[in-house]
Structure formats: structure tokens, C-alpha cells
Amino acid sequence: MTDILAPDVNLNTVCERLENHCCLEQSRQRPDGSPQPLFPPPPPPTQQQQQQQTPVLSKKLPNTGAKLWGRVRSKLLRQKLDPTTVQSKNWHMDVIEMNGIKVEFSMKFTSRDLSLKRTPSKKQSGVFGVKINVVTKRERSKVPYIVRQCIEEVEKRGIDEVGIYRISGVATDIQTLKAAFDTNTKDILVMLSDMDINAIAGTLKLYFRELPEPLLTDRLYPAFMEGIALSDPAAKENCMMHLLRSLPDPNLITFLILLEHLKRVAEKEPINKMSLHNLATVFGPTLLRPSESEIAKTLSITTASDIWSHDVMAQVQVLLYYLQHPPISFAELKRNTLYFSTDV
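Residues in the sequence shown are numbered consecutively from 1060, following this note's numbering.
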């Protein structure tokens, strides 16, 4: 029996490991009495079968892994829909076993409002949970070092990775990188080059998620929601560009750098399967979300679920609008003084 423990890894990766493990175990089969494989060999084929038969083991074994993976996904889905699991704050442990392969996994439900809740950091140093203008001023840069380095590494060796920014990295790797950036470890570049690319992408997302306020700011959130809802193209263009000009310089420059990076990632969609819409879905609710006061004010007239479903779609549409827009220049934005009015 083979035990495979997957506490912090992405479950798609688990499936691949299971299938690879099956194939490796079977490849150890020898006619000289070496250990038996996980799956008993078929009876010797006849001469006619030898002429017609193609290797079936390579088809059969991955199918076993796929069936096991299907059971895991099915069990995870049932747990997510179980009211007692949703209400519990504890980790739920479970095991799925099939043909001698055992997958042990744990899960805990976290509501969206808690997973995206921002709390201002009391730290005087570090970068996570610290206001972006504080970080750029300390580093004497226009864009936080962590953003520049993560983007550079993703473009160097992750832009062709299927599901980049969508597939989660290993949580322990992300926490290791977080600690390294927070302490300004001298070996950070070596760590980045050795780290799994999904962990680097996850670290970048975590940085934006842990900002004390979203990159596009609490103050401008209602205006972004109004602007994206405008039906007249000219009025929407005028509004959305004015809102960018209204951002603090560190926020705006960082946003424009991220925007061009995501466009370059989307150019590789035939390879990495990440379209502009997919990327907007991943980053929209992280870069733009209502403040606590905005949520409290809206709760008086509607339910929390209605807020989230409506707002998340609008957040995705805001980022998608900018991703589909022709290149936006910081200098040109600052020079442009088009008149803007929310009454347009």
C-alpha cells in the first residue's frame, strides 16, 4: 500500500502524482521474481494478439488515477455543500483509497468575506499588509520590489504554464516566500529561481490580497461600480480613465505594470489556457472590493449573498475593461485633463 499525503498541495497535482506513481510501480515489474506491481499483469497474449495489441497499461493506469481523483472531487464537493461542515471552523480530515493507493486530505470552509477581509498591519517593516505607498517610499521605487520580481519570474519561466495564476501553489512555499520578502532576505532571487512557479504566482496574489486596502482603493470603489455600468461607450471611457488618474501614483503605476503583465500572459492563452476573462476573474475581486463601511451600508437594503454575486461580477468586468483596453500610458494619463462628471 502506498500512502500519499497532500496537506498543502493543489489537488490537480495530487492526481498527476498518483498516475505517475502507478506507472512507476508497474514499470518495476521484472520476470526474475522482483516485487509484484500494484496491478497484476494480464495473461500472456496470443500470437495474433501480439500483432494487433497496442500497450494497454499506459491507458489503464492513468484511468485508475482519474477514477480516484473523481472520488476525491466528489467527496470535496459533498463536504462543501454540507451545512454542518460549512458552519464548522475546524479542519475536516478524510481518506480516499482505491487499488492500494490512499489519498489523505484535509479541508476547511472559509466564507468569502473572511478570506478577502483586509486588516491593517501594525508592522513597521515588511511588505505584506503594509500600505503600498509606505513600501515604495521605503524602497525608493515606483513599484514594490515583490511585484517586480514575481512578475519577472513568471514571465521568465511561467508564462507557458497551464493555469498560471489559477492553479494554487503549495501553501508552505508561499509562506516561505512571504517571510523572505518581509525580512528582505538576501537570497530571495535564488529562492525565486528554485521555487515552483505556481508558488510565486500565489505569492503575488497574496501580496495584493493582504494590502490594507485594495489596489484600486476603497474611496474610488463606488465610482468604479458606477463607471462600469455606464451604457454609453464614450461616457464609460471618460469615466474609467478619470478614475485611473484619480489613483495615488504608486497604486496607478503598479496597476499599469500588472495590467501589461496580464496581457502578456493572455497572449499565450493557446498554451496556458488563461484568457483575459480568466485572469480578470482571478484578480478582479483582489484588486477591487468594497470597504467594510460600504458593505455595512449595503447590508441594510440587501442580503450578503446578493452583494457578493453582484459585486464580484462587476469587479471582474472592471478589470476586464482595462485588460481589453489599448495600452495605457502613465504619462499620457497625467497629461490628459478631459472633463469628467458622474452625471454623464
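From the three backbone atoms N, C-alpha and C, an ideal C-beta is built for every residue, glycine too.
Item, Value
"DSSP-derived helix/strand/coil call for Ser1180", "With a pLDDT of 48 at Ser1180, under the threshold of 50, the modelled position of that residue is not reliable, and no figure is offered here."
"Thr1313 versus Val1202: straight-line alpha-carbon distance, rounded", "5 Å"
"Endpoints, alpha helix (DSSP H) assigned at Leu1207", "Note that residue 1207 is Arg in the sequence shown here, rather than Leu. First-last of the alpha helix (DSSP H) with Arg1207: Tyr1204 to Arg1216."
"The stretch 1251-1268 in contact with the stretch 1285-1302 per 3-pair CB rule at 8 Å", "no"
"Where Asn1395 falls, given that 16 or more other Cβ within 10 Å makes a residue buried", "exposed"
"The alpha helix (DSSP H) enclosing Ser1252, as first and last residue numbers", "Ile1247 to Asp1253"
"Cα-Cα separation, Leu1289 to Glu1272", "25 Å"
"Through-space distance from Arg1348 to Leu1306, alpha-carbon basis", "15 Å"
"Length of the line joining the Cα atoms of Ile1256 and Gly1286", "35 Å"
"Distance CB(Ala1325)-CB(Val1375) smaller than 9 Å", "no"
"Touching by the beta-carbon criterion (3+ pairs, under 8 Å), the stretch 1149-1162 and the stretch 1274-1285", "no"
"Ile1330, buried or exposed, once every other Cβ within 10 Å from all chains shown has been counted against 16", "exposed"
"For Val1186, the three-state DSSP class (helix, strand or coil)", "coil"
"Other residues of its chain near His1384: CB distance less than 6 Å, five sequence neighbours each side excluded", "none"
"Assigned secondary structure, Val1154 (DSSP; H/G/I helix, E/B strand, else coil)", "strand"
"Simplified DSSP state of Glu1163, which is helix, strand or coil", "strand"
"Nearest candidate by alpha-carbon position, reference Met1300, set Glu1198, Lys1393 and Ala1260", "Lys1393"
"Rounded straight-line distance, which links the Cα of Lys1190 to that of Leu1251", "23 Å"
"Distance, Leu1335 Cα to Arg1278 Cα", "26 Å"
"Leu1317 beta carbon less than 9 Å from that of Val1206", "yes"
"Distance between Ala1390 and Ile1223 (C-alpha atoms, nearest Å)", "30 Å"
"Beta-carbon separation (whole angstroms), Ala1260 vs Val1193, contact threshold 8 Å", "At roughly 24 Å, the Cβ-Cβ gap does not stay under 8 Å, so Ala1260 and Val1193 are not in contact."
"Nearest-angstrom Cα separation, counted from Ala1239 out to Lys1429", "The structure shown does not extend to residue 1429, since the chain is modelled only from 1060 to 1403, so the question has no answer here."
"Coarse secondary structure for Thr1244, derived from DSSP in three states", "coil"
"C-alpha distance - Lys1215 paired with Asp1308, whole-angstrom precision", "27 Å"
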